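Each position in the sequence shown, counted from 1, maps to that position plus 4 in the numbering used here.
Glycine included, every Cβ here is placed at the ideal spot set by N, Cα and C.
Note that the structure is a prediction, hence the values are computed from the model and not measured.
Accompanying notes for the structure given below.
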Amino acid sequence: MKQYLNGRWVALSILLALLAGFSIPFNTWSYSEFFALMGRRQPNRVWPEIFAIAGIVILFALIEYAYQRALNRNVAIFNQKVREHLLTADFIQTNQAGVADRLSYLTNDLTVVENNYLRQIFNIIRSVVTVVVTLAFALRSNFGLTLIFIAFASITPFTPKLLAKKTAHRAQQWSARVGRYMTFMADVLKNADTVLHYSALGFFLAKGRSIIGQSVTAQRRRDNTVAASNLVATVVAYVCMYLPIGFGVMMVVRGQLTIAAFVAVQYASNWIVNTFLVIAQSRNQMNATRPMLAKLAAFKALPANLLRLDQPTDRLGQFTALNLAAVTFAYADDAAQPILQTINLRVHQGEKVLLTGPSGAGKSTLISLLTGMRQPTSGTVQFQTAAGKAFAPDPTMFATVLQESNIFNDTLRFNLTLGRHFSSAAIQAALQKAGLAAYAADHGLDNLIAESGNNLSGGERKRIELARAFLYNRRFLVVDEGTASLDPATAAAIQQILLTAPMTVVEIDHHIAPDLSRRFDAHYALNAGQLTRVTA
Ligand SMILES: Nc1ncnc2c1ncn2[C@@H]1O[C@H](COP(=O)(O)OP(=O)(O)O)[C@@H](O)[C@H]1O
Ligand SMILES: [Mg+2]
5 MKQYLNGRWV ALSILLALLA GFSIPFNTWS YSEFFALMGR RQPNRVWPEI FAIAGIVILF
65 ALIEYAYQRA LNRNVAIFNQ KVREHLLTAD FIQTNQAGVA DRLSYLTNDL TVVENNYLRQ
125 IFNIIRSVVT VVVTLAFALR SNFGLTLIFI AFASITPFTP KLLAKKTAHR AQQWSARVGR
185 YMTFMADVLK NADTVLHYSA LGFFLAKGRS IIGQSVTAQR RRDNTVAASN LVATVVAYVC
245 MYLPIGFGVM MVVRGQLTIA AFVAVQYASN WIVNTFLVIA QSRNQMNATR PMLAKLAAFK
305 ALPANLLRLD QPTDRLGQFT ALNLAAVTFA YADDAAQPIL QTINLRVHQG EKVLLTGPSG
365 AGKSTLISLL TGMRQPTSGT VQFQTAAGKA FAPDPTMFAT VLQESNIFND TLRFNLTLGR
425 HFSSAAIQAA LQKAGLAAYA ADHGLDNLIA ESGNNLSGGE RKRIELARAF LYNRRFLVVD
485 EGTASLDPAT AAAIQQILLT APMTVVEIDH HIAPDLSRRF DAHYALNAGQ LTRVTA
């Protein structure tokens, strides 16, 4: 949590929380002071004191305002830093969970953390000051009676513990159900065409009704549990409030206590109990945020080399081959069954290599090892240089073209440059090589590309990805079913660009025609975890 905050703003908020904590004790003192004023019967003192008290109360209102502003600043800093962290953490990698689930984490869970954790920490500080100062004032008015009041009041903060586990569990359930609802809605939004063409909206309503029902029920249950927890706290607090009042009234009746002193102790104690309640409720809310905080802590920052702006791809200028030696890989949850077993593969610079194999054979997994996105369970993946040196691959040395194009909801220019500066000549040359020059001339570089490239043809999306690789002068291109979703003519045109590109290309494709596969320098097949060479 610390790394998402700014020490100076936290310190200022704590200071203001401490000052704001004096507001209620002052209130308490001024209330008993009214009784003292009545007792003194000095009319000329009344108005000056009333004005002074009103002035100080207004001062406290200003402190409260400053405190709220500082709190808002802390929340803003937290939101900024957490979101920046998540943008550069493994949170962005889709292989963990669905996109919708993580978007829901950003919108729902983080808002809960913001309101029910961050704000409550400072509120508790303020409340503790209120309790301590009010308590000191009450003790000065009547020590014994105050002790009775406090003995009962000190029972109340233990009440939130009673339902803490249930509260946390309910919050977790709610988060999971909202995630499911988001996933369902993302499916409907992405596949609305299919839903409508197959007259399936009614079925989706039936399915959605239950998923929506579960998420709203989970929210209601979570809120009800917090309410029940608060009810328990309130009932305990009232019992603890009225019993000591009885003792105080008895003391006044017996002439052991003045009415003014009773008013001071009772009013002060009332505030103490109320403030204890506020603390208990804040702690309840904080308990409910534990699963969200645990999830936040679980997202790990990506390796720093992925944030470097210089281009390590230049190091690839020297490589003679990429070597996979005795590479074995198993996914952690399936460690006993390696997907890839002792794979040996050598890709020479400039070669065009084809990799085929049935679906699920592990082709995409092999690619992720090759590009350094994943590390092998055993064996090595290394680039070799003419000078006999070896270095590990790094994802920033490769360009990839996958079945689902990576297109950004920004201009054509941004989709090529990704924000880096390139000369117009370099951009034009890249467009030319990718066969996009005519499109760019018609639409202009500042043409806005829709989300997921929805205003482009499949071929145009591929060509943008290729133009990007050319512009970045990527020397190693990995294509994973890159032409699978294209019509034959477009696929052939894209293949032609790939096969003649001045770069090393490793391509995965299972519907490649024999006459096309012969144009590759090497053809391997992956089957049951083993890699075999199909052609010499
Ligand atoms: N992130 C993952 N975690 C666990 N298993 C996975 C993961 N990704 C893929 N797999 C499994 O690994 C196997 C190979 O998947 P993949 O490399 O995508 O195959 P291919 O690309 O050849 O179709 C499949 O059985 C798949 O279920
Ligand atoms: Mg695959």
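List the endpoints of the continuous alpha helix (DSSP H) containing residue 348. For the purposes of this step, residue 348 is taken as the residue at position 344 of the sequence shown. Where residue 348 is concerned, there is no enclosing alpha helix (DSSP H), although the beta strand (DSSP E) it sits in stretches over 344-352.
Three-state class that DSSP yields for residue 261 in the structure shown: In the sequence shown, the residue the question calls residue 261 occupies position 257. Residue 261: coil per DSSP, three-state reduction.
For residue 531, which residues from the same chain have a beta carbon less than 8 Å from its beta carbon, with the 5 sequence-adjacent residues on both sides left out? For the purposes of this step, residue 531 is taken as residue 527 along the sequence shown, with counting starting at 1. Within the same chain, residue 531 has close Cβ partners 361, 362, 365.
Under 8 Å, with one C-beta from each stretch per pair, do the stretch 251-259 and the stretch 210-223 reach the 3-pair mark? Below 8 Å, too few C-beta pairs join the stretch 251-259 and the stretch 210-223 to call them touching: fewer than three.
Can you name, in chain order, every residue of its own chain whose Cβ lies under 7 Å from the Cβ of residue 456, other than the five neighbours on each side? Within the sequence shown, residue 456 is the residue found at index 452, counting from 1. Counting only Cβ-Cβ distances below 7 Å, and skipping sequence neighbours, we find 411.
When 86, 166, 529, 405 are compared against residue 305, the one with the closest alpha-carbon: Sequence index remark: in the sequence shown, residue 305 carries index 301 (1-based). The option with the nearest alpha carbon to residue 305 is 86.
Is there a Cβ of chain D sitting closer than 8 Å to that of residue 73, yes or no? Chain labels in this structure do not include chain D; a single protein chain is all it has.
Are the Cβ atoms of residue 334 and residue 381 separated by less than 8 Å? Position 330 of the sequence shown, counted from the first residue, corresponds to residue 334. Position 377 of the sequence shown, counted from the first residue, corresponds to residue 381. Yes, Cβ-Cβ distance for residue 334 and residue 381 is below 8 Å.
Under 5 Å from any heavy atom of ligand 1, by CB: list those residues in chain order, please. That query returns the following residues: 99, 335, 343, 363, 364, 365, 366, 367, 368, 369.
Nearest-angstrom Cβ-Cβ length linking residue 176 and residue 307, presumed shorter than 8 Å: Taking the sequence shown and counting its residues from 1, the one referred to as residue 176 is at position 172. Taking the sequence shown and counting its residues from 1, the one referred to as residue 307 is at position 303. With a beta-carbon spacing of about 30 Å, residue 176 and residue 307 fall beyond the 8 Å limit used to define contacts.
Ligand 2 and residue 485: does the residue's C-beta get closer than 7 Å to at least one heavy atom of that ligand? Indexing the sequence shown from 1 puts residue 485 at position 481. Residue 485: yes, Cβ under 7 Å from ligand 2.
Is the stretch 79-95 close to the stretch 117-129, with three or more CB pairs under 8 Å? In this structure the stretch 79-95 lies against the stretch 117-129, because at least three pairs of beta carbons, one per stretch, are closer than 8 Å.
Per DSSP, what are the beta-bridge partners of residue 467 in this structure? For the purposes of this step, residue 467 is identified with residue 463 of the sequence shown, where counting begins at 1. DSSP lists no partner for residue 467.
From the DSSP output, in three-state form, read off residue 30 for me. To locate residue 30, count along the sequence shown from 1; it is residue 26. In the displayed model, residue 30 falls within a helix according to three-state DSSP.
Just mark residue 245 as buried or exposed, buried being the case when its beta carbon has 16 or more other beta carbons within 10 Å. If you number the sequence shown from 1, residue 245 lands on position 241. Counting Cβ neighbours within 10 Å, residue 245 comes out buried, since at least 16 surround it.
Distance CB(residue 288)-CB(residue 234) smaller than 8 Å: As a first step, residue 288 is located in the sequence shown; it is residue number 284 there, counting from the start. As a first step, residue 234 is located in the sequence shown; it is residue number 230 there, counting from the start. It is a contact, given that the beta carbons lie within the stated cut-off.
Residue from 47, 433, 533 with nearest C-alpha to residue 341: Here the question's residue 341 lines up with position 337 in the sequence shown. When each option's Cα is compared against that of residue 341, the closest is 533.
By Cβ distance below 8 Å, which residues in the same chain neighbour residue 30 in space, the five residues on each side in sequence not counted? In the sequence shown, the residue the question calls residue 30 occupies position 26. Only 60, 61, 64 meet the Cβ criterion.
Can you check DSSP and say which residues form a bridge with residue 385? Looking up residue 385 in the sequence shown gives position 381. Looking at the DSSP assignment, residue 385 forms a beta bridge with 328.
Going by other Cβ atoms of all chains shown within 10 Å of its Cβ, with 16 needed for buried, is residue 111 buried or exposed? On the sequence shown, residue 111 is found 107 positions in, with the first residue counted as 1. Around the CB of residue 111, fewer than 16 other CB atoms lie within 10 Å, so the residue is classed as exposed.
Whole angstroms are fine: how far does the CA of residue 495 sit from the CA of residue 96? To locate residue 96, count along the sequence shown from 1; it is residue 92. To locate residue 495, count along the sequence shown from 1; it is residue 491. Residue 96 and residue 495 have their C-alpha atoms some 30 Å from each other.
Residue 285 to residue 482 span [Cα, whole Å]: Reading the sequence shown from its first residue, position 281 is the one you call residue 285. Reading the sequence shown from its first residue, position 478 is the one you call residue 482. Computed Cα separation, rounded: 55 Å.
Based on the DSSP secondary-structure assignment, which residues constitute the bridge partners of residue 528? Here residue 528 refers to the residue found at position 524 when the sequence shown is read from its first residue. Partner(s): 359, 537.
Go through its chain and collect everything with a Cβ distance to residue 106's Cβ below 7 Å, but skip five positions before and after it. Within the sequence shown, numbered from 1, the residue matching residue 106 stands at position 102. Within the same chain, residue 106 has close Cβ partners 95.
Specify the secondary structure class of residue 412 as computed by DSSP and reduced to three states. Along the sequence shown, one-based indexing puts residue 412 at 408. In the structure shown, residue 412 sits in coil (DSSP, three-state: anything other than H, G, I, E or B).
Going by Cα to Cα distance, which pick from 70, 216, 33, 49 is closest to residue 142? On the sequence shown, residue 142 is found 138 positions in, with the first residue counted as 1. For residue 142, the nearest C-alpha among the options comes from 33.
For residue 229 and residue 167, which I take to be in contact (beta-carbon distance under 8 Å), what is that distance rounded to the nearest angstrom? For the purposes of this step, residue 229 is identified with residue 225 of the sequence shown, where counting begins at 1. For the purposes of this step, residue 167 is identified with residue 163 of the sequence shown, where counting begins at 1. The C-beta distance from residue 229 to residue 167 rounds to 6 Å, short enough to meet the 8 Å contact threshold.
Going by DSSP in three states, residue 162 sits in which element: helix, strand or coil? Translated into positions along the sequence shown, residue 162 becomes position 158. Correct three-state label for residue 162: helix.
Ranges of the alpha helix (DSSP H) found wholly within the stretch 456-525, counting only runs of at least 4: DSSP runs (the alpha helix (DSSP H)) wholly in the stretch 456-525: 462-475, 492-504, 518-521.
With three or more C-beta pairs closer than 8 Å as the rule, is the stretch 420-438 touching the stretch 469-488? Using a C-beta cut-off of 8 Å, the stretch 469-488 makes contact with the stretch 420-438, since at least three inter-stretch Cβ pairs fall below that distance.
Residue closest to residue 36, alpha-carbon to alpha-carbon, out of 302, 268, 408, 405: The residue you call residue 36 lines up with position 32 of the sequence shown. Ranked by Cα distance from residue 36, the options 302, 268, 408, 405 are led by 268.
Does DSSP put residue 247 in a helix, a strand or coil? Translated into the one-based positions of the sequence shown, residue 247 becomes position 243. The three-state secondary structure of residue 247, taken from DSSP, is helix.
DSSP on residue 406, reduced to helix/strand/coil? To locate residue 406, count along the sequence shown from 1; it is residue 402. Residue 406 carries a strand assignment under DSSP once its states are collapsed to helix, strand and coil.
Name the one or two DSSP bridge partners that residue 452 has. Along the sequence shown, read from residue 1 onward, the residue named residue 452 stands at position 448. Looking at the DSSP assignment, residue 452 forms a beta bridge with 415.
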